[in-house]
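Only one structure is covered here, and it is reproduced in the block below.
In my numbering, the protein residues as written are 842 to 1153.
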């Protein structure tokens, strides 16, 4: 490959290594037995020492190499000196060697926005549901997703002591997705994945309207997108404003890279500019295939409950 890699490729190559570092931090905190749990807005909205340290590591590491990039993290942390052992300087050479899609070649550092969820599925993390836990890094330009990285710190933990833990998935629309084997639910099956801890009647009504053969209730937005791309679910249905931009930016990029789609409950794309509101207030509908089928089945009562204008 001639010349220096494009800025976005260098950012993705860094984000990959930074996500792996964050995953190791998440494991280390769990193994220490001192989770340092605090409630943010309630018992279902927790923050742990892993959230704090992983976010410090991700944000400080990326800021050091890419000082002009806007980075938005989930946790509201005080400004303080980040310890050197939290900094990750590595870049994945395999990504640096790839050809950047033409539409991203000229992107400038100051035009890029990074959305960070240091521990997606914190509640599940505190409850030992470790396969629900992910580290999410999403990269956006002009409000649209450009690339995403998902680290699963505890991948393979069911294999017991001695198993090599963790894996990292990443993707870029126009280039592809890597780190997993794409699988699809058989075409005659509808399997819906939805929240395990933030349900209510509107959420349930929307899931029921999809007429699923099976419902999979798991934690974490990143985990639910993995369900879609690994053939464990056909649609991720969450008719609630509980999800945030840092939950969906990275996973959406990977989903798009394999031909999938993520929208609100009315079919509108979410935007990831630096100044947008953080809440995905009109819910989340994500699919690998047949997005329109699921959109058509969203009840009008659900759209009204989410204050989305209903077409006349």
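Each residue gets a CB set at the ideal place from its N, CA and C atoms; glycine is no exception.
**Asked** Would you call the region 1081 to 1098 and the region 1050 to 1063 in contact, with 3 or more CB pairs under 8 angstroms?
**Response** yes
**Asked** Of the residues 858, 1129, 1123, which one's Cα is nearest the Cα of residue 1139?
**Response** 1123
**Request:** Could you name each continuous alpha helix (DSSP H) segment of 4 residues or more that falls completely within the region 896 to 937, going from the start of the chain to the end?
**Result:** 934 to 937
**Message:** So the candidates are 1024, 1057, 1029, 1025; which of them puts its Cα closest to the Cα of residue 1038?
**Reply:** 1057
**Message:** I'd like the span of the beta strand (DSSP E) that includes residue 989, first residue to last.
**Reply:** It spans 985 to 993 - the beta strand (DSSP E) in which residue 989 sits, taken as one unbroken run.
**Message:** Going by DSSP in three states, residue 872 sits in which element: helix, strand or coil?
**Reply:** helix
**Item:** Collapsed DSSP secondary structure at residue 1052 in the structure displayed
**Value:** coil
**Prompt:** How big is the Cα-Cα spacing for residue 878 and residue 896?
**Reply:** Roughly 15 angstroms separates the two Cα atoms.
**Item:** At least 3 beta-carbon pairs within less than 8 angstroms: the region 978 to 989 vs the region 997 to 1004
**Value:** At 8 angstroms Cβ cutoff, the stretches do not touch.
**Request:** Leaving out five residues on either side along the sequence, give the residues of the same chain with a beta carbon under 6 angstroms from the beta carbon of residue 1105.
**Result:** 1123, 1124
**Asked** According to DSSP, is residue 1017 helix, strand or coil?
**Response** strand
**Prompt:** From residue 1035 to residue 1119, what does the alpha carbon distance come to, in whole angstroms?
**Reply:** 20 angstroms
**Request:** Check whether the Cβ atoms of residue 1012 and residue 1019 lie closer than 9 angstroms to each other.
**Result:** yes
**Prompt:** If you scan the region 1093 to 1141 from start to end, which runs of the beta strand (DSSP E) of 3 or more residues do you find wholly inside it?
**Reply:** Those beta strand (DSSP E) runs which fall completely within the region 1093 to 1141 and span 3+ residues are 1102 to 1104, 1125 to 1128.
**Item:** Residues of its chain near residue 1082, where Cβ-Cβ distance is below 6 angstroms and the 5 sequence neighbours each way are ignored
**Value:** 1120, 1122
**Asked** Under 9 angstroms between the Cβ atoms of residue 966 and residue 889?
**Response** yes
**Prompt:** Under the rule that 16 or more other beta-carbon atoms within 10 Å means buried, what is residue 1030, buried or exposed?
**Reply:** exposed
**Request:** Go through its chain and collect everything with a Cβ distance to residue 858's Cβ below 7 angstroms, but skip five positions before and after it.
**Result:** Closer than 7 angstroms at Cβ, skipping near neighbours: 929, 931, 932, 933.
**Prompt:** Secondary structure at residue 892, three-state DSSP: helix, strand or coil?
**Reply:** helix
**Item:** Outcome for residue 1128 when other beta-carbon atoms lying within 10 angstroms are tallied against a minimum of 16
**Value:** buried
**Request:** Pair every Cβ in the region 906 to 921 with every Cβ in the region 860 to 875, then say whether three or more of these pairs are closer than 8 angstroms.
**Result:** no
**Item:** Complete runs of the alpha helix (DSSP H) confined to the region 948 to 972 [at least 4 residues]
**Value:** 963 to 968
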